[in-house]
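Q: Heads up: the sequence lines are chains C and G, in that order.
Just so we're aligned, residue 61 is where the first sequence starts under the working numbering, counting upward by one.
Just so we're aligned, residue 28 is where the second sequence starts under the working numbering, counting upward by one.
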Amino acid sequence: NAGVMQNPRHLVRRRGQEARLRCSPMKGHSHVYWYRQLPEEGLKFMVYLQKENIIDESGMPKERFSAEFPKEGPSILRIQQVVRGDSAAYFCASSPAGVTDTQYFGPGTRLTVL
Amino acid sequence: KQEVTQIPAALSVPEGENLVLNCSFTDSAIYNLQWFRQDPGKGLTSLLLIQSSQREQTSGRLNASLDKSSGRSTLYIAASQPGDSATYLCAVKPQGGSEKLVFGKGTKLTVNP
């Protein structure tokens, strides 16, 4: 049973470009969470999604950031018009429906903005 | 607002030593507390999960305790090994209906052979 998969593992973008980060949850998991880890900082919650629904986006920046988890396919975290301050590691986690105590984390996507 | 603090930020010990990592949180209204391990360039691996009604959890050489009323948790590692070298993260799940985890910045542990 494959774990949480994230791609790409490393992403380099120039300022002003768009970044798309993908997360495939573990098989059978319908809850997805995105966290961001800035250099020398702890992980910060961004958004919690279930299939086709955003449940909690209290940690998402108000502008340029969006997330989706469609009925089919991976969850996508989209960052428009990236700036240097967006450089960070972005982690996705998943959990099964009704069992949210343990979140299983993916390896992360390391975004570098030049 | 829940805040999680981990002390020390970094720790270097010789192999075989027993050690304690500390975690404190500002709001005692939590569902559970979890300790993770993060290796460089890798994701997080859950080590121990303590429910708010529990006092401690053990797994192999690891023991985690929780004192919810004082807002403290410790992770005890017995007979440390070089393979234990990693960053250890503490996270709490606050009460209030949210599923998000609130993390500390971590303790970077180096075990020297």
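Glycine is no exception: its CB is placed at the ideal position from the N, C-alpha and C atoms.
#1: Roughly how many angstroms separate the alpha carbons of THR162 (chain C) and ILE104 (chain G), rounded to a whole number?
#2: Rounded to whole angstroms, what is the Cα-Cα separation between LEU71 (chain G) and GLY166 (chain C)?
#3: Just checking: is the beta-carbon of ALA153 (chain C) within a distance shorter than 9 Å of some beta-carbon in chain G?
#4: For PRO130 (chain C), which three-state DSSP category applies?
#5: If we count Cβ pairs, one from each stretch, closer than 8 Å, do we get three or more for the region 50-59 of chain G versus the region 142-149 of chain C?
#6: When the distance is taken between beta carbons, is VAL31 (chain G) closer than 9 Å to GLY131 (chain G)?
#7: What did DSSP end up calling ASP116 (chain C) once you bin it into helix, strand or coil?
#8: Does any C-beta atom of chain C lie closer than 9 Å to the C-beta of LEU76 (chain G)?
#9: Given a limit of 7 Å on CB to CB distance, which residues of the region 52-82 of chain G reach chain C?
#10: What first and last residue would you give for the beta strand (DSSP E) that runs through VAL40 (chain G)?
#11: Which same chain residues, not among the five before or five after ASP66 (chain G), have their C-beta less than 6 Å away from its C-beta?
#12: Please state the DSSP three-state secondary structure of PRO85 (chain C).
#13: For ALA79 (chain C), count the other beta carbons within 10 Å of its own beta carbon; 16 or more makes it buried, fewer makes it exposed. Which is it?
#14: Consult DSSP for PRO156 (chain C) and reduce its assignment to one of helix, strand or coil.
#15: Tell me, please, whether the CB atom of PHE115 (chain C) is closer than 9 Å to any CB atom in chain G?
#16: Anything in chain C within Cβ reach of SER125 (chain G), meaning under 7 Å, just list it in chain order.
#17: Smallest Cα separation from LYS104 (chain C): which of G:THR134, G:LYS127, G:THR137 and G:PHE63?
A: Put simply:
#1: Locating residue 162 (chain C) in the first sequence gives position 102, where the first residue counts as 1. Locating residue 104 (chain G) in the second sequence gives position 77, where the first residue counts as 1. Their Cα atoms are separated by approximately 22 Å.
#2: Taking the second sequence and counting its residues from 1, one reaches residue 71 (chain G) at position 44. Taking the first sequence and counting its residues from 1, one reaches residue 166 (chain C) at position 106. Going from the Cα of LEU71 (chain G) to the Cα of GLY166 (chain C) covers about 7 Å.
#3: Position 93 of the first sequence holds residue 153 (chain C). At least one chain G Cβ lies under 9 Å of ALA153 (chain C).
#4: What you label residue 130 (chain C) is simply residue 70 of the first sequence in a count that begins at 1. PRO130 (chain C): coil per DSSP, three-state reduction.
#5: no
#6: Here residue 131 (chain G) corresponds to residue number 104 of the second sequence, with the count starting at 1. Here residue 31 (chain G) corresponds to residue number 4 of the second sequence, with the count starting at 1. Contact flag set, yes.
#7: To locate residue 116 (chain C), count along the first sequence from 1; it is residue 56. Strand, per DSSP.
#8: Sequence index remark: in the second sequence, residue 76 (chain G) carries index 49 (1-based). Yes, its Cβ sits closer than 9 Å to a Cβ of chain C.
#9: ASN59, LYS69, GLY70, LEU71, SER73 and LEU76
#10: By 1-based counting over the second sequence, the position of residue 40 (chain G) is 13. Looking at the DSSP string, the run of the beta strand (DSSP E) that includes VAL40 (chain G) is 37-41.
#11: The residue you call residue 66 (chain G) lines up with position 39 of the second sequence. Hits under 6 Å: ALA113.
#12: To locate residue 85 (chain C), count along the first sequence from 1; it is residue 25. The answer is coil: DSSP assigns PRO85 (chain C) none of H, G, I, E or B.
#13: Against the first sequence, residue 79 (chain C) aligns to sequence position 19. Under this definition ALA79 (chain C) is a buried residue.
#14: Along the first sequence, one-based indexing puts residue 156 (chain C) at 96. It is a strand residue.
#15: One-based indexing of the first sequence puts residue 115 (chain C) at position 55. Checking the displayed sequence, the identity of residue 115 (chain C) turns out to be Ile instead of Phe. Closer than 9 Å: yes.
#16: Residue numbering aside, residue 125 (chain G) sits at position 98 when the second sequence is read from its first letter. The contacting residues are ASP116.
#17: Residue mapping note: residue 104 (chain C) aligns to position 44 of the first sequence, counting from 1. Taking only the C-alpha atoms, the option nearest LYS104 (chain C) is G:LYS127.
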